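First the structure, in the form of structure tokens, and then the observations on it.
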Amino acid sequence: MKIAVLKELADGETRVSASPETVKKFIALGASLAVEKGAGVSASVADKDYQEMGATIGTRQAVLKDADIVLAVQGPDPASLKGIKKGAWLVASLNPFGERKRVDAYAKLGIDALAMEFMPRITRAQSMDILSSQSNLSGYKSVILAANEYGRAFPMMMTAAGTVSAARCFVMGVGVAGLQAIATARRLGAQVSATDVRSATKEQIQSLGAKPIFVESVEGIEGEGSGGYATEMSEEYQKAQAELVSSHIAKQDIVITTALIPGRAAPRLISDAQIATMRTGSVIVDLAAEQGGNVEGAVAGKTVEKHGVKIVGAQNIPAMMAADSSALFSRNLYNFLSAYWDEEAKRPVLPDDDEVTIGIRLTKDGKVVNERLMG
Numbered sequence: 016m017k018i019a020v021l022k023e024l025a026d027g028e029t030r031v032s033a034s035p036e037t038v039k040k041f042i043a044l045g046a047s048l049a050v051e052k053g054a055g056v057s058a059s060v061a062d063k064d065y066q067e068m069g070a071t072i073g074t075r076q077a078v079l080k081d082a083d084i085v086l087a088v089q090g091p092d093p094a095s096l097k098g099i100k101k102g103a104w105l106v107a108s109l110n111p112f113g114e115r116k117r118v119d120a121y122a123k124l125g126i127d128a129l130a131m132e133f134m135p136r137i138t139r140a141q142s143m144d145i146l147s148s149q150s151n152l153s154g155y156k157s158v159i160l161a162a163n164e165y166g167r168a169f170p171m172m173m174t175a176a177g178t179v180s181a182a183r184c185f186v187m188g189v190g191v192a193g194l195q196a197i198a199t200a201r202r203l204g205a206q207v208s209a210t211d212v213r214s215a216t217k218e219q220i221q222s223l224g225a226k227p228i229f230v231e232s233v234e235g236i237e238g239e240g241s242g243g244y245a246t247e248m249s250e251e252y253q254k255a256q257a258e259l260v261s262s263h264i265a266k267q268d269i270v271i272t273t274a275l276i277p278g279r280a281a282p283r284l285i286s287d288a289q290i291a292t293m294r295t296g297s298v299i300v301d302l303a304a305e306q307g308g309n310v311e312g313a314v315a316g317k318t319v320e321k322h323g324v325k326i327v328g329a330q331n332i333p334a335m336m337a338a339d340s341s342a343l344f345s346r347n348l349y350n351f352l353s354a355y356w357d358e359e360a361k362r363p364v365l366p367d368d369d370e371v372t373i374g375i376r377l378t379k380d381g382k383v384v385n386e387r388l389m390g
């Protein structure tokens with residue numbers, strides 16, 4: 016069975032979907048690996064590193080020829096998959112909602128498109144969850160980006176010339192990225208506070224040494240959606256939260272927003288009027304900028320200034336740390352495929368009634384089959 020590893024062609028994408036480590040592991044399972052020339056260079060992996068583990072290096076056409084499974088980070092342009100055989104699996108982050116026409120094109124190619132970001136958040140699939148592994152790094156890097164833009168120090172410093180006050184950092188959205196942002200900001204010495212629509216996160220915030228900022232006056236709103244994701248709030252809660260955030264945000268030096276709702280535009284958390292209450296030189300990092308932004312005025316891929324406040328529109332943060340993010344992404348793919356590996360068939364087999372299969376399979380036998388895309 017042949018596994019192909021593609022070079023990423025999307026602008027700014029530096030990651031790769033297989034590491035020398037996972038190449039070696041796949042070959043140990045009985046697969047042959049073909050890696051597109053230069054696929055790992057931007058992630059600090061040379062072609063010879065793959066070859067030393069037993070992979071072959073070739074052109075895209077050569078690695079796609081007769082491949083049973085094709086690995087990628089971002090979903091490739093269907094036109095670049097010329098020569099892929101029918102029935103092959105495409106395993107990658109496919110952005111099904113944002114690239115629906117592309118999904119239809121995969122169906123026409125007759126391949127099984129498997130969207131790794133649709134992986135169910137269940138215990139046995141934790142090691143396969145690309146959203147968690149990449150968000151973890153994004154949360155860390157968001158604080159580093161903020162520190163780079165901030166014109167002051169993060170920790171309190173007592174010097175002979177006087178005392179430097181610690182920066183005040185507010186994290187909005189306490190998922191995987193938010194928790195890592197809290198931990199990183201704390202390590203840098205900031206005074207950290209955080210909020211989330213899910214009341215269950217209060218203990219997590221406190222466990223990291225940060226101050227929870229929650230709406231207490233509105234009862235019975237948990238904010239917990241299916242699979243551990245946040246869901247949209249009632250108007251009453253949104254109003255109460257806006258008032259609370261407005262009074263708190265005016266005192267902050269750094270704000271990091273991480274709120275995303277799968278399949279929808281990112282919820283608006285910070286308005287232009289709220290930005291105007293922040294002191295000059297403050298920094299906001301919007302991790303949801305690519306999905307419309309949590310912050311009014313945020314622009315994906317750019318840093319803009321409004322009311323003296325810098326707004327960093329974060330875009331594909333994992334690609335800024337290509338070596339580590341590729342290593343984790345590659346392990347996610349390996350953990351998935353190896354979990355379904357059939358020793359006799361020498362290839363992975365996905366049962367049609369399996370929760371993971373139902374969750375991630377977008378196309379099969381020339382049709383779009385995922386219920387989330389058929390509504």
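In terms of the working numbering, the sequence shown is residues 16 to 390.
Glycine included, each C-beta is placed from N, C-alpha and C at the ideal position.
Computed from a prediction, not measured in an experiment: that's the story for all the values here.
- Across the structure, Ala257 and Ile326 are spaced so that their CA atoms are roughly 19 Å apart.
- By the neighbour-count criterion, in which 16 or more other beta carbons inside 10 Å mark a residue as buried, Ser340 falls on the buried side.
- Bounds of any alpha helix (DSSP H) do not take in Leu21, whose DSSP letter is neither H nor E.
- The alpha carbon of Arg362 has as its nearest neighbour, out of Arg30, Thr29, Ala46, Val38, the alpha carbon of Ala46.
- Around His322, the same chain offers Ile290, Ala291 as residues with beta carbons nearer than 6 Å, after the five sequence neighbours per side are excluded.
- Annotation for Glu67: Pro35 place their beta carbon closer than 8 Å to its own, counting only its chain and skipping 5 residues before and after.
- C-alpha of Gln89 to C-alpha of Pro227: approximately 35 Å in a straight line.
- A Cβ-Cβ contact shorter than 9 Å links Leu377 with Leu109.
- Minimum Cα-Cα distance from Leu86 among the listed residues Arg346, Lys382, Val371 corresponds to Arg346.
- Taking 9 Å as the cut-off, the Cβ atoms of Gly307 and Val319 do not count as close.
- Bounds of the alpha helix (DSSP H) holding Ser222 are 217-222.
- Across the structure, Glu51 and Ile72 are spaced so that their CA atoms are roughly 6 Å apart.
- Per the C-alpha coordinates, the member of Gly53, Val212, Tyr65, Leu24 positioned closest to Lys39 is Tyr65.
- Inter-segment contact for the region 262-277 and the region 194-210 is present: three or more beta-carbon pairs are separated by less than 8 Å.
- The three-state reading of DSSP puts Leu275 in coil, since its state is none of H, G, I, E or B.
- Just measuring C-alpha positions, the residue of Val207, Gln221, Met187 sitting nearest Ala181 is Val207.
- Counting along the chain, the unbroken beta strand (DSSP E) around Leu48 starts and ends at 47-51.
- Within the same chain, no residue comes within 8 Å of Asp26 by CB-CB distance, once the 5 residues on both sides are set aside.
- Per DSSP, the continuous beta strand (DSSP E) segment holding Glu320 begins and ends at 318-321.
- Closest by C-alpha distance to Ala43, out of Glu28, Leu79, Lys17, is Lys17.
- Counting only runs that start and end inside the region 151-213, the alpha helix (DSSP H) elements of at least 4 residues fall at 191-202.
- Between Lys266 and Arg183, the beta carbon gap of about 6 Å places them in contact (Cβ cut-off 8 Å).
- Straight through space, the alpha carbons of Asp127 and Ile159 are spaced by roughly 38 Å.
- With fewer than three CB-CB distances shorter than 8 Å, the region 364-371 does not count as touching the region 165-172.
- Restricting attention to Asn331, Ala61, Glu231, Ser262, the CA atom closest to the CA of Glu251 is found in Glu231.
- The closest CA to that of Glu28, considering only Arg294, Ala281, Gly316, Trp356, is found on Gly316.
- In the DSSP assignment, Asp301 is bridged to Thr272, Gly328.
- Between Ile264 and Gly296, the alpha-carbon positions lie close to 14 Å from each other.
- Across the set Ala288, Ile285, Ala334, Pro91, the C-alpha of Pro91 shows the shortest separation from the C-alpha of Leu105.
- Within the DSSP bridge table, the entry for Lys80 names no partner.
- Secondary structure of Lys226 (DSSP, three-state): strand.
- Here the alpha carbons of Ser148 and Val56 stand approximately 21 Å from one another.
- Look at Ile285 here: in three-state DSSP terms it is strand.
- Taking the Cα positions, Ala354 is about 14 Å away from Met131.
- Taking the Cβ atoms as the reference, Val118 lies roughly 6 Å from Val383, within the contact range of under 8 Å.
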